[in-house]
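Just below is one structure, and these are the notes that go with it.
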Amino acid sequence: MTTRPTIVLVHGMWHGGWAWERVAKLLEVDGYPCVRVTLPGRDRAPGDPTFRGHCDHLTEVLAGVPGDVVLVGHSYAGALLTEVGAAANVRALVYVSAFCLEPGESVASVNDAKAGSQAGKDDIRQVGDFLVIDPETARHAFYHDCTPADAASAAARLTPEHANARAAVVSAAAWRSVPSHFVVCTLDRACTPEVQRMMAARVGSSSELESSHSPMLSMPESVARTIAGFATEHAA
81 MTTRPTIVLV
91 HGMWHGGWAW
101 ERVAKLLEVD
111 GYPCVRVTLP
121 GRDRAPGDPT
131 FRGHCDHLTE
141 VLAGVPGDVV
151 LVGHSYAGAL
161 LTEVGAAANV
171 RALVYVSAFC
181 LEPGESVASV
191 NDAKAGSQAG
201 KDDIRQVGDF
211 LVIDPETARH
221 AFYHDCTPAD
231 AASAAARLTP
241 EHANARAAVV
251 SAAAWRSVPS
261 HFVVCTLDRA
271 CTPEVQRMMA
281 ARVGSSSELE
291 SSHSPMLSMP
301 ESVARTIAGF
311 ATEHAA
């Protein structure tokens, strides 16, 4: 029997490993070990809360996983996949409405270049070194197809994000050398479908879900199925 790869799940800005709970449970039932990463940040996990600190944290997580990995990122986490996703044990990358960047780009430069985002620079507040998104803005931009209870619960768990995470420029493009799949969320209000499709065209494989920015909460079965399918296709 072939050993299934470990699925390492990385959250987006303001979120935590909790965002992947439903998807992880479904994958584990299907025989995939899962690691839900919680990145360093205020009221979240200890460590350097900047983009570089997040990259270093993810690199350490990957180094601690025995065997093959399929690395999955949501939203901002796509920048981390892009920067460090070519680690030796990573067999595939899955971008879920995530920032599949070219070297020299940042989350801010790509998301702010086109009008339409409802979680862009004009929708968030900077308090000191950190960015804050208000719960009502988050419910509208991230969770509009979730149940009201799920949307309220998720919005209440959001934590401040260091401003550097949004502004930092990537220096590598792991998707050039690692098989990658992009999941376009066609009802997304945070990263518009237009911007997503531009990034999806960079990789060799993509699919679409009729979902908000947070399909791991609103349609976890579809997300888990997509991840498992790509993992099966590309993991050794």
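Counting in our numbering, the sequence shown runs from 81 upward without gaps. Even for Gly, the Cβ is constructed at its ideal location relative to N, Cα and C. Just so it is clear, the structure is predicted and the values come from calculations on it, not from any experiment.
If you look at Phe262, you'll find it isn't in any alpha helix (DSSP H); it sits in the beta strand (DSSP E) that goes Ser260 to Cys265.
Minimum Cα-Cα distance from Glu163 among the listed residues Arg124, Asp192 and Trp255 corresponds to Trp255. Ala218 is classed as buried because its beta carbon has at least 16 other beta carbons within 10 Å across all chains shown. Annotation: Lys105 to Val152 spans about 15 Å, alpha carbon to alpha carbon. With three or more CB-CB distances shorter than 8 Å, the region 195 to 203 counts as touching the region 217 to 232. Under the three-state reduction of DSSP, Gln198 is assigned to coil, being neither helix nor strand. When C-beta atoms of the region 294 to 314 are compared with those of the region 237 to 244, fewer than three pairs fall below 8 Å, so the two segments do not count as touching. By the Cβ neighbour-count rule, Gln276 is buried, with 16 or more other Cβ atoms within 10 Å of its own. Nearest neighbour of His137 by Cα position, chosen from Leu161, Ala270 and Phe179, turns out to be Leu161.
Here the region 260 to 275 makes contact with the region 286 to 295; the two share three or more CB pairs at distances below 8 Å.
Segment contact: the region 225 to 234 against the region 133 to 149, fewer than three CB-CB distances shorter than 8 Å; contact not assigned. In chain order, Val212 place their CB closer than 6 Å to the CB of Arg205, counting only its own chain and leaving out the 5 sequence neighbours on each side.
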